[in-house]
Amino acid sequence: MLLHTIYLIAICAEAISGALMGIRKDMDIFGICLIGTVAALGGGTVRDILIGHYPLGWVAHPEYLGFTICAAIVAAVAARALHHFKSAFLVVDALGLVAFTIIGCDIARSFDNFHPAIVVMLGMVTGVFGGLLRDVLCNEIPLVLRREIYASVSLLTGSLYVLILHWQIDGRIATLSSLLLGFSVRLLAIRFHWELPRMDKERVRGFD
Amino acid sequence: MLLHTIYLIAICAEAISGALMGIRKDMDIFGICLIGTVAALGGGTVRDILIGHYPLGWVAHPEYLGFTICAAIVAAVAARALHHFKSAFLVVDALGLVAFTIIGCDIARSFDNFHPAIVVMLGMVTGVFGGLLRDVLCNEIPLVLRREIYASVSLLTGSLYVLILHWQIDGRIATLSSLLLGFSVRLLAIRFHWELPRMDKERVRGFD
Amino acid sequence: MLLHTIYLIAICAEAISGALMGIRKDMDIFGICLIGTVAALGGGTVRDILIGHYPLGWVAHPEYLGFTICAAIVAAVAARALHHFKSAFLVVDALGLVAFTIIGCDIARSFDNFHPAIVVMLGMVTGVFGGLLRDVLCNEIPLVLRREIYASVSLLTGSLYVLILHWQIDGRIATLSSLLLGFSVRLLAIRFHWELPRMDKERVRGFD
Chain A
0 MLLHTIYLIA ICAEAISGAL MGIRKDMDIF GICLIGTVAA LGGGTVRDIL IGHYPLGWVA
60 HPEYLGFTIC AAIVAAVAAR ALHHFKSAFL VVDALGLVAF TIIGCDIARS FDNFHPAIVV
120 MLGMVTGVFG GLLRDVLCNE IPLVLRREIY ASVSLLTGSL YVLILHWQID GRIATLSSLL
180 LGFSVRLLAI RFHWELPRMD KERVRGFD
Chain B
0 MLLHTIYLIA ICAEAISGAL MGIRKDMDIF GICLIGTVAA LGGGTVRDIL IGHYPLGWVA
60 HPEYLGFTIC AAIVAAVAAR ALHHFKSAFL VVDALGLVAF TIIGCDIARS FDNFHPAIVV
120 MLGMVTGVFG GLLRDVLCNE IPLVLRREIY ASVSLLTGSL YVLILHWQID GRIATLSSLL
180 LGFSVRLLAI RFHWELPRMD KERVRGFD
Chain C
0 MLLHTIYLIA ICAEAISGAL MGIRKDMDIF GICLIGTVAA LGGGTVRDIL IGHYPLGWVA
60 HPEYLGFTIC AAIVAAVAAR ALHHFKSAFL VVDALGLVAF TIIGCDIARS FDNFHPAIVV
120 MLGMVTGVFG GLLRDVLCNE IPLVLRREIY ASVSLLTGSL YVLILHWQID GRIATLSSLL
180 LGFSVRLLAI RFHWELPRMD KERVRGFD
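Chain order of the listed sequences is A, B and C. Under numbering that gives the first Met the number 0, the first residue of the first sequence is numbered 0, with each subsequent residue one higher. Under numbering that gives the first Met the number 0, the first residue of the second sequence is numbered 0, with each subsequent residue one higher. Under numbering that gives the first Met the number 0, the first residue of the third sequence is numbered 0, with each subsequent residue one higher.
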C-alpha cells in the first residue's frame with residue numbers, strides 16, 4: 000500500500016523531470032510527454048522485457064500512462080513555477096529511486112529460480128534505467144553513469160531488502176527498513192556531494 | 000491486402016530514408032543497410048517486444064529483411080538521383096506512418112484484454128519508433144520529438160480506427176477512413192508546417 | 000567446450016574494452032562496470048529478447064555478471080598497464096566476435112522454424128550489438144557501423160557455419176572451420192585496414 004502510493008507519486012515526479020529535460024532540448028509537447036513517460040516507466044519496462052514478464056505494468060494499468068502524460072503536461076505549462084520546488088523534487092526522486100528498486104526486487108523474486116544477485120540487479124534496473132533511457136533519447140551521456148552516488152543507493156537498498164527477506168523476517172519490516180536506509184543515504188549523498196571514485200582519463204590515452 | 004501492399008512499399012521507403020541518413024553520417028555499406036533496416040522494421044519490433052508477441056514480423060518473414068537491405072543498397076548507389084524524388088518520399092512516408100499505425104493497432108487488438116488507449120499507443124509505437132531508433136543510432140535527438148506533427152498524426156489515425164471498430168462498423172471502412180484521414184492530415188501538416196506547441200527554454204533555466 | 004572457454008575469455012575482453020571507454024567518458028566506477036557489462040553481454044541479451052528466449056544467459060548464469068564486473072574493475076585499476084596489451088586485445092576481441100556469432104547461431108538454430116538467413120542475422124546481432132549498445136550509451140555513433148570490416152566478418156562466419164551444418168557435416172568441424180575462417184579474416188582486416196565501401200556524403204546533399 001505505502002509502496003504503491005510512493006510509486007504513483009514517484010512516476011509523476013520522474014515524468015516531470017523527463018518533461019523538463021524535453022523542454023530544455025526544444026521538443027514539442029508530444030516529445031515532452033514521451034520523454035516524461037519513458038523517464039517514469041522505462042525502468043520497469045526494461046526490467047520486464049529482460050525477464051519476459053508480460054503484460055508490462057503500463058499495459059495492464061493504462062492509468063499509469065495517464066498519470067505520466069498529465070504530469071508532463073503540467074510540467075510544460077508550469078515550468079517556471081516548478082523552479083521553486085527544486086529541492087522537493089530531489090526528495091521525491093530519492094523516494095522514487097528506492098521504491099522502484101524494492102518493487103523491482105519483488106517482481107524479480109516472484110520468479111522462483113532467480114539468484115539473489117540477479118534480484119538485486121533487476122531492482123537496480125528498475126530504479127535507474129528510466130533516467131538512462133531519458134538521457135539516451137535526449138542525446139546525453141546518461142547522468143546516472145557519472146553523478147554522485149545514485150545507482151549505488153539502488154544496489155544498497157536492493158541488497159538490504161533481499162538480505163532481510165532471506166532471514167525470513169517479515170516483509171513489511173524488510174520494505175520499511177530498506178526504504179529508510181536507501182532514502183537517507185541518497186539524501187546524504189546529495190547534501191554532501193558523495194561521489195564514487197572516477198579514473199584519470201589520462202591513463203587510457205593511446206587506446207583510441 | 001491494400002494495407003499489406005502499402006506496408007511493403009512503406010518499409011522500402013523507410014529503409015531508403017534510413018540509408019540516406021547513414022550515408023550522411025559517413026557509415027560504410029553495412030551501417031547503411033543496418034540503419035535502413037532499423038528505420039523500416041524497428042517500430043514493429045519494439046511493439047512486439049513490448050507485448051511479448053513472438054516471433055517478430057521479420058523473423059517469421061525474412062523476405063522483409065531482403066526488401067529493406069535491397070532498398071538501402073539501391074539508396075546508397077542511386078543517392079544522387081533520389082534527390083529528384085524528394086517529395087515522392089514524403090508522400091510514401093506519410094502513407095507508411097498511417098499504415099504502420101493501423102497494422103500496429105490490429106496486432107495489439109489481437110490481445111483480447113488490452114485497453115483501447117493501449118491499442119492506440121502501440122499503433123503509435125509501430126509508426127514512430129523506427130525513425131526514433133534510427134536517430135538514436137545516428138546520435139541525433141529524434142526528429143519525431145521535435146518535428147511538425149508526425150506522432151500526433153499516428154495517434155489521431157489510431158484513435159479514429161479504434162473508435163470506428165468499437166462502433167462495430169465493418170473493418171474495411173475503419174481501415175480506409177482512418178488511412179485517408181491520417182494521410183491527409185499528415186500531408187497538410189507538411190504543406191503548411193503545422194507544429195505542436197513548444198515551450199520556451201528560458202522557463203526551465205536553473206534546473207540543470 | 001572450446002567455444003565456452005573462448006566465450007568466457009571474450010566477455011572479459013569486451014568488458015575491459017567497455018570499461019576503457021567508460022573511463023574515457025569520465026564515468027564513475029558504477030558507470031564503468033555497467034558499460035563493461037553491456038559491451039560484454041548486450042549482444043546476447045538483444046538476441047534473446049528479439050526471439051523471446053528466456054531466461055537470458057546472465058540471468059541463468061549470474062557468474063557471467065561477476066566476470067564482467069571484475070574485468071571492468073581490473074581495467075579501471077590497471078588502465079595504464081593495459082596499454083601494453085593493446086594488440087592482445089584486438090586478437091581476443093576478434094576471437095570473441097567469431098565465438099559470439101557461432102553461439103548466437105546455435106541458439107537461433109534451436110528454434111526449429113527459423114530461416115537460415117535469420118539464424119545468420121541473429122548470430123551477427125550476438126557478435127555486434129554489445130559494442131553497438133556500448134557506443135549508444137557513450138553517446139557515440141556506433142563504431143561498428145563505420146569501422147574496417149567487423150560485422151561483415153560476423154556475417155561471413157555465421158553463413159559458413161550454417162552452410163556446413165546444412166550439409167549435415169559434423170558440428171565440431173563446422174565450429175572449428177568457421178571459427179578459423181572468421182578469425183583469420185578479421186585479423187587480416189585489422190592488419191591491412193580492409194574497409195567496406197562508403198558513399199560520398201556530397202551525394203546526399205539537399206536531403207536534410
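We treat Cβ as the ideally placed atom computed from N, Cα and C, and that holds for glycine.
- For residue 182(C), no chain B residue has a Cβ inside 7 Å of its Cβ, as the nearest lies near 19 Å away.
- Residue pairing from DSSP leaves residue 145(C) without any beta-bridge partner.
- Under the Cβ distance rule, residue 140(A) does not count among the residues neighbouring chain B, no pair being separated by less than 9 Å.
- Close to chain B, meaning a Cβ-Cβ distance shorter than 8 Å, are the following residues of the segment 19–30 of chain A: 19, 21, 22, 23, 24, 25, 26, 27, 28, 29 and 30.
- Residues of the segment 185–203 of chain C with a C-beta less than 7 Å from any C-beta of chain B: 194, 195, 196, 197, 198, 200, 202 and 203, listed in chain order.
- A direct Cα-Cα distance of roughly 16 Å separates residue 71(C) from residue 145(A).
- Nearest CB-CB separation between residue 11(A) and chain B: not below the 9 Å threshold.
- Across the structure, residue 33(C) and residue 84(B) are spaced so that their CA atoms are roughly 44 Å apart.
- The C-beta distance from residue 103(C) to residue 125(C) rounds to 3 Å, short enough to fall under 8 Å.
- Take residue 122(C), set aside five residues on each side of it, and the residues of its chain with a beta-carbon closer than 6 Å to its own are 100, 103, 104 and 157, in chain order.
- Interface with chain C (9 Å Cβ-Cβ cutoff): residue 120(A) is included.
- For residue 46(B), none of the residues of chain A pass the 9 Å Cβ criterion, the least Cβ distance being about 11 Å.
- A distance below 9 Å separates the beta carbons of residue 92(A) and residue 12(A).
- Contact between residue 137(A) and residue 0(A) does not hold, since the beta-carbon distance rounds to 34 Å and is not under 8 Å.
- The segment 10–62 of chain B is shown to contain no whole beta strand (DSSP E) run of 3 or more residues.
- Excluding residues up to 5 positions away in sequence, 19 and 22 lie with their Cβ nearer than 7 Å to the Cβ of residue 78(C) in the same chain.
- Residues are counted here when their Cβ sits less than 8 Å from a Cβ of chain B; for the segment 31–63 of chain C these are 48, 49, 50 and 51, given in chain order.
- In this structure, residue 53(A) lies away from residue 10(A), with their beta-carbon atoms at least 9 Å apart.
- Using a Cβ-Cβ distance cut-off of 8 Å, the segment 111–122 of chain A and the segment 158–173 of chain A are in contact, since at least three pairs of beta carbons, one from each stretch, lie closer than that value.
- According to the DSSP assignment, residue 158(A) belongs to the alpha helix (DSSP H) that extends over 150–165.
- When CB distances to chain B are screened at a threshold of 7 Å, the residues of the segment 137–170 of chain A falling below it are 137 and 138, in chain order.
- CA-CA distance, residue 186(C) to residue 135(A), rounds to 33 Å.
- Residues of the segment 86–119 of chain B whose Cβ lies closer than 7 Å to any Cβ of chain C: none.
- With respect to residue 56(A), residue 129(A) sits apart: the two C-beta atoms are not nearer than 9 Å.
- Counted as a single uninterrupted DSSP element, the alpha helix (DSSP H) harbouring residue 106(C) occupies residues 85–108.
- Any Cβ of chain C closer than 9 Å to the Cβ of residue 135(B) would place that residue at the interface, and such an atom is present.
- Measuring C-alpha to C-alpha distances from residue 24(A) to each of 139(B), 183(B) and 165(B) identifies 139(B) as the nearest.
- Taking a C-beta distance under 9 Å as the contact criterion, residue 44(A) and residue 7(B) do not qualify as a contact pair.
- Apart from sequence neighbours up to five positions away, the residues of its chain that approach residue 184(A) with a beta-carbon distance below 6 Å are 152, ordered along the chain.
- Counting every other CB atom within 10 Å of its CB across the protein chains shown gives residue 168(A) a total below 16, marking it as exposed.
- Closer than 9 Å to the CB of residue 1(C) there is not a single CB belonging to chain B.
- At least 9 Å separates the CB of residue 173(A) from every CB of chain B.
- In the DSSP assignment, residue 117(A) falls within the unbroken alpha helix (DSSP H) covering 115–136.
- According to DSSP, residue pairing for residue 197(A) in a beta bridge involves 27(C).
- If you look at residue 77(A), you'll find it isn't in any alpha helix (DSSP H); DSSP assigns it neither H nor E.
- Within the segment 65–78 of chain C, the residues whose Cβ lies closer than 7 Å to any Cβ of chain A are, in chain order, 75 and 78.
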